[in-house]
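Protein chains in written order, with the working numbering: chain A, 6 to 235; chain B, 6 to 235. Reviewing the structure listed below.
There are 2 protein chains.
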Amino acid sequence: MKAVYNLMAIELRRPSETRYDALVDDLREAILTGRYRPGERLVQDELAEAFGVSRIPLREALRRLEGEGLVLISPNRGAIVRPLGPKDVVDLYDVRLALESLALRRAAERYADLREPTARRHADARRAIESGSLGALIHLDRDFHAEMAAASDNAHLIAALGGHWSQIMRVMHAFLKVGTYTPAVWADHEAIADAVAHGDGDLAVGLLTAHLTNARDAILTQLRTKGEKL
Amino acid sequence: MKAVYNLMAIELRRPSETRYDALVDDLREAILTGRYRPGERLVQDELAEAFGVSRIPLREALRRLEGEGLVLISPNRGAIVRPLGPKDVVDLYDVRLALESLALRRAAERYADLREPTARRHADARRAIESGSLGALIHLDRDFHAEMAAASDNAHLIAALGGHWSQIMRVMHAFLKVGTYTPAVWADHEAIADAVAHGDGDLAVGLLTAHLTNARDAILTQLRTKGEKL
DNA sequence: CGGTTCTTGATTGTATACAATAGTTCGTCG
DNA sequence: CGACGAACTATTGTATACAATCAAGAACCG
């Protein structure tokens, strides 16, 4: 059970970042990408050795991810990756629509102009699709929505959406393993950015509603037909 | 620095509850009620001794509360109680309205009938007002909204609202120290419960919007005139 | 004196060690 | 042969101990 610490990896991060900070990011990413499967037990000793740390910062990271809803922890029983079903997808997208609608309205009131970075990401996304790097694609997608949230200038909204995107990204990763990514989403993004820049909150929300409904339904049909686990 | 552990307090809780679980609740309550002031440093050794535990479960509890937005933690610097200003009140109520509106619509779709427990709480609230137990009053208020959230049958929405209520309760506690509690809120609650029971989501949301706007404005004016810290 | 480096004390970060719990296996008895 | 229960094992929960970091003040130099 003695761990051979990965000395190199530790010092590649900026100095004042603690093991906890790095662990939260790494563990989250591992769960999002499906390296740890839904329902799988997360045994502390194993994880600690895998990440080259002791159980102390690891436990703190698990508590954090519990707060984000990525893992479930029961006393004296340990942590598992939270399993998600079709109802979770529906529920998540409901909450997401409510929060992001608010974000768009506030961003539109301030005439936030995100057209330039959105176009840039659109180009990046094309390249990511060609090279087949799904992970990068999802991060670009999230970045767009995160930037919209930031434009709302509401710290509590940003925090709430940040937590929810962990879950959304899990769903997306699972979907992209079996489904196909339609570049149309980036046209949607640009239309939304346009509406916000012109201060038209109603239009932006309408576009977002269609955008999310399409995405959700595509995911749900894939889930039903291929029966992929989340 | 040696702690004389409060042996009695430990076993008064249900057996399989860990020190972490108890700490989260106790620490949250202490922050909500203002026992630890906004901006105040939360030194781990001091807290550990005060609560009769070691720093390990304490640190985990702090991570949890960080996730709820009650404390801010910076690496190697420690935790402080997150200070809230007038803008936070506006932002919080914005997010709250978005989330609770969704909850009411879903609850109304299901014709959830919460009129009986709401009336019961109304009576309890009268007694709480007479006996001047503000803390109990706030908990009753939260319970109403929590039950509405639960009636939405959306686990992710419930979780999101649960986290937010920590913050809302902080604002309410601070407000009630200087402001007055108007029993009219319970008439609002009953009207909302009625609308939901009749399946009228639009009406329920309209009532909620007025309810929250009134509450928010009352808090804001109190803050501005008396300049109370949150 | 004003600014800069060094030292020190307080505090956080993390590893190790041990205690407590729950799940499991195996034996016993009906 | 199955139900019950007692050891055993794997794993979590928590305390202690020590290392790393930061903030503040002292010493130093211009």
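Quick reminder that beta carbons are idealized off the backbone N, C-alpha and C, glycines included. Since we're looking at a predicted model, the values are computed, not measured.
{"Check": "Using the beta-carbon count (16 or more within 10 Å), is Arg229 (chain B) buried or exposed?", "Outcome": "exposed"}
{"Check": "DSSP state of Lys231 (chain B), grouped into three classes?", "Outcome": "helix"}
{"Check": "Applying a beta-carbon distance threshold of less than 9 Å, which residues of chain A neighbour Pro80 (chain B)?", "Outcome": "Ser21, Glu22, Thr23, Tyr25, Asp26"}
{"Check": "Can you tell me whether DSSP reads Ser171 (chain A) as helix, strand or coil?", "Outcome": "helix"}
{"Check": "Should Ala200 (chain B) go down as buried or exposed, given a rule of 16 or more other Cβ atoms within 10 Å for buried?", "Outcome": "buried"}
{"Check": "Taking 8 Å as the threshold (beta carbon to beta carbon), is Ala103 (chain B) in contact with chain A?", "Outcome": "yes"}
{"Check": "Given that Arg132 (chain A) touches chain B, what residues does it touch there, using C-beta distances under 9 Å?", "Outcome": "Correct list: empty, because the minimum Cβ distance to chain B is about 33 Å."}
{"Check": "Please identify, using Cβ separations under 7 Å, the residues of the stretch 125-150 of chain B that lie next to chain A, in order along the chain.", "Outcome": "none"}
{"Check": "For Val100 (chain B) versus Leu107 (chain A), is the C-beta distance shorter than 8 Å?", "Outcome": "yes"}
{"Check": "Just verifying my parser: in three-state terms, what is the DSSP assignment at Leu89 (chain A)?", "Outcome": "coil"}
{"Check": "Is the beta carbon of Val76 (chain B) less than 8 Å from the beta carbon of Arg42 (chain B)?", "Outcome": "no"}
{"Check": "To the nearest angstrom, how far is the alpha carbon of Trp170 (chain B) from that of Ala113 (chain B)?", "Outcome": "21 Å"}
{"Check": "Could you tell me which chain A residues have their CB closer than 8 Å to the CB of Gly74 (chain B), listed as they occur along the chain?", "Outcome": "His161, Ala164"}
{"Check": "With DSSP as the reference, identify every bridge partner of Val76 (chain A), one or two as the case may be.", "Outcome": "A:Val86"}
{"Check": "When you compare the CB of Val183 (chain B) with every CB in chain A, is at least one pair closer than 8 Å?", "Outcome": "no"}
{"Check": "Spatial neighbours of Asp129 (chain A) within its chain, please: C-beta separation below 7 Å, excluding the five flanking residues on both sides.", "Outcome": "Leu145"}
{"Check": "From His203 (chain B) to Ala196 (chain B), what does the alpha carbon distance come to, in whole angstroms?", "Outcome": "11 Å"}
{"Check": "Distance, Cα to Cα, Asp148 (chain B) vs His194 (chain B)?", "Outcome": "11 Å"}
{"Check": "Among the residues of its own chain, which have a CB less than 7 Å from the CB of Leu32 (chain B), if the five just before and after it don't count?", "Outcome": "Ala66, Leu70"}
{"Check": "Listed in chain order, which residues of the stretch 52-64 of chain B have Cβ atoms closer than 9 Å to some Cβ of chain A?", "Outcome": "Ile61, Arg64"}
{"Check": "Going by C-alpha to C-alpha distance, which of B:Gln172, B:Glu34, B:Arg111, B:Glu45 sits closest to Ala198 (chain B)?", "Outcome": "B:Arg111"}
{"Check": "Based on the DSSP output, what are the partners of Leu47 (chain B) in its beta bridges?", "Outcome": "B:Ala84"}
{"Check": "For a contact defined as C-beta to C-beta under 8 Å, what are the partners of Leu107 (chain A) on chain B?", "Outcome": "Asp99, Val100, Ala103"}
{"Check": "Tell me which residues share the same chain as Ile78 (chain A) and place their Cβ nearer than 6 Å to its Cβ, disregarding the 5 neighbours each side in the sequence.", "Outcome": "Glu71, Ala84"}
{"Check": "Drop a sphere of 10 angstroms on the beta-carbon of Met13 (chain B), count the other beta-carbons inside from all chains shown, and report buried for 16 or more, exposed for fewer.", "Outcome": "Note on Met13 (chain B): pLDDT 36, under 50, position unreliable in the model; the coordinate value appears next. With fewer than 16 Cβ atoms within 10 Å of its Cβ, Met13 (chain B) is classed as exposed."}
{"Check": "Can a CB atom of chain A be found closer than 8 Å to the CB of Arg175 (chain B)?", "Outcome": "no"}
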